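Engineer:
There are 2 protein chains.
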Amino acid sequence: MVSGQSEQCDCRCIHQERVEAAREHALPTRENEQLATLFKAMGDPNRLRILWALDCEEMCVCDLAQFVGVSESAVSHQLRQLRQLQLVANRRAGPVLYYHLVDKQISTLIRLAFDHYRQEI
Amino acid sequence: MVSGQSEQCDCRCIHQERVEAAREHALPTRENEQLATLFKAMGDPNRLRILWALDCEEMCVCDLAQFVGVSESAVSHQLRQLRQLQLVANRRAGPVLYYHLVDKQISTLIRLAFDHYRQEI
DNA sequence: ATAATATATGAGCAAATGATCATATGTTAA
DNA sequence: TTAACATATGATCATTTGCTCATATATTAT
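Chains W and V, in that order, are what the protein sequence lines are.
Residue numbers are given in the working numbering: position 29 of the first sequence equals residue 29, and the series is strictly consecutive.
Residue numbers are given in the working numbering: position 35 of the second sequence equals residue 1035, and the series is strictly consecutive.
1) Any idea what DSSP makes of W:Cys-60, helix, strand or coil?
2) Using three-state DSSP, classify W:Arg-12 as helix, strand or coil.
3) Could you list the residues in the stretch 30-49 of chain W with a C-beta less than 9 Å from some C-beta on chain V, going in chain order?
4) With a CB to CB cut of under 8 Å and the five nearest residues on each side skipped, what residues in its chain are close to W:Cys-60?
5) Could you have a look at V:Leu-1112 and say whether DSSP puts it in helix, strand or coil?
6) In terms of residue numbering, what span does the alpha helix (DSSP H) encompassing W:Leu-27 cover?
7) Determine the direct distance from the alpha carbon of W:Val-68 to that of W:Asn-46, and round the result to whole angstroms.
8) Taking C-beta pairs closer than 8 Å, name the residues in chain W that V:Arg-1023 reaches, listed in chain order.
9) The beta strand (DSSP E) with V:Leu-1101 in it runs from where to where?
10) For a contact defined as C-beta to C-beta under 7 Å, what are the partners of V:Val-1075 on chain W?
11) Taking contact to mean at least 3 C-beta pairs separated by less than 8 Å, is the stretch 9-28 of chain W in contact with the stretch 1010-1025 of chain V?
12) Note down the Cα distance separating V:Phe-1039 from V:Gly-1094, rounded to an integer number of angstroms.
13) Using the beta-carbon of each residue, which ones in chain W are nearer than 9 Å to V:Leu-1027?
14) Pick from V:Gly-1043, V:Ala-1026, V:Thr-1029: whose alpha carbon is nearest that of W:Glu-33?
Below, the structure is given as structure tokens:
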């Protein structure tokens, strides 16, 4: 037994210390998955557009559909995902639902990503 | 004609100014897609783990496979994606390939995301 | 050259994804 | 109440994704 952890690799090139160090440094499974889910939500061009637009000001489904350039149904489905992830929420005004970002965290994140990305171009 | 842009929505609730404002504020299509691709790459639990681990120190495929808990083939496939996106690169030492992050941008991004996320928990 | 190690890669497959279409729900005006 | 509007939702389908298995490539030791 080389380590107390699970043994899945029979390579001789393995660096147990590095694996251990990575494990120390790593996020707990649950948090890693939640974070991945957040990134995944931002990982679709249309959803990213939606989030980016809502960072500007609140918009209704119809506005978003035209802005993104897809059907209202498609936008509605995407918004449901974002709602379930608590990234966006809506406010009703008569028959119209105005969507907005739940918090500025996502907004900050998108901007940072873009800024960092920009520097490389 | 309400606007010079494409007409796709016949809703009466639409706010042309908001759509226009969003368009002004929006990223060009190409950059939006590249950014989405970046987020998507971070949007898989295993890839996120890999990136997170490599933020710590360089590791070989075998190390990563054990750390993530999947086959070396699976890790290799994920690494290829990350390589093609220029997020990671490798250094050969004999038969072993040591992977590392290409730049600290991704590292910064992951940390920021985590920090922001952390605050909400 | 041959064998063993470390990794890469292609094919194949099950699961997830994102759009569309049809339909349902909720709100307001007539 | 009925009609019209704005949005939500379920079913469906084509595409994408991520893994596995088999095989290929590259490096080193013998």
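Cβ atoms here follow ideal geometry from the backbone N, Cα and C, with glycine treated the same way.
Note that the structure is predicted; figures quoted are calculated from it, not measured.
Structural biologist: Let me lay it out:
1) strand
2) coil
3) Glu-31, Asn-32, Glu-33, Gln-34, Leu-35, Ala-36, Thr-37, Leu-38, Phe-39, Lys-40, Ala-41, Met-42, Gly-43, Asp-44, Pro-45, Asn-46, Arg-47, Leu-48, Arg-49
4) Val-96, Leu-97, Tyr-98, Tyr-99
5) helix
6) No alpha helix (DSSP H) contains W:Leu-27, which DSSP labels as neither H nor E.
7) 6 Å
8) Phe-67
9) 1096-1101
10) None at all; the shortest Cβ gap to chain W is about 10 Å.
11) no
12) 33 Å
13) Leu-48, Arg-49, Trp-52, Phe-114
14) V:Gly-1043
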